[in-house]
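Student: Be aware that the sequence shown starts at 25, since it is given in this note's numbering, and climbs by one per residue.
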Amino acid sequence: MKRENLIKIKINGIEKKIKPNTTIQTLLKELEILDKTMAIAVNMQIVKKENWDKYILKEGDKIEALNFVGGG
25 MKRENLIKIK INGIEKKIKP NTTIQTLLKE LEILDKTMAI AVNMQIVKKE NWDKYILKEG
85 DKIEALNFVG GG
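1) Can you tell which of 54, 74, 56, 55 has the C-alpha that lies nearest to the C-alpha of residue 63?
2) For residue 66, I'd like the list of residues in its chain whose CB is within less than 6 Å of its CB, leaving aside the five on either flank, ordered along the chain.
3) Opposite residue 64 in the DSSP bridges: which residues?
4) For residue 47, which residues does DSSP report across the bridge?
5) Would you tell me roughly how many angstroms separate the C-alpha atoms of residue 139 and residue 91, rounded to the nearest one?
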């Protein structure tokens, strides 16, 4: 059985290997942070939430997952 090649990305500074053709939405679901995440930047470019299910991550992408905390 052939092993699927994985690609390397960084999310919030931590290197991770993921399957090719992984979308932002799939990655966030796998990390169990989909509901907590408010904004995503890939390589310093904001990706709108409505595009998370279409945006396919590539080798070497640097993702920042941001969540907003209220307080005062």
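We put the beta carbon where it would ideally sit given N, CA and C, even for glycine. These numbers come from a predicted model, not from an experiment.
Tutor: Here's the rundown:
1) Here residue 63 refers to the residue found at position 39 when the sequence shown is read from its first residue. The option with the nearest alpha carbon to residue 63 is 74.
2) Working through the sequence shown from its first residue, we reach residue 66 at position 42. Cβ neighbours of residue 66 beyond the five flanking positions: 85, 87.
3) For this step, residue 64 is matched to residue 40 along the sequence shown. Paired residue(s): 71, 89.
4) Locating residue 47 in the sequence shown gives position 23, where the first residue counts as 1. Residue 47 is bridged to 80.
5) Here the chain has residues from 25 to 96 only, and residue 139 is not among them.
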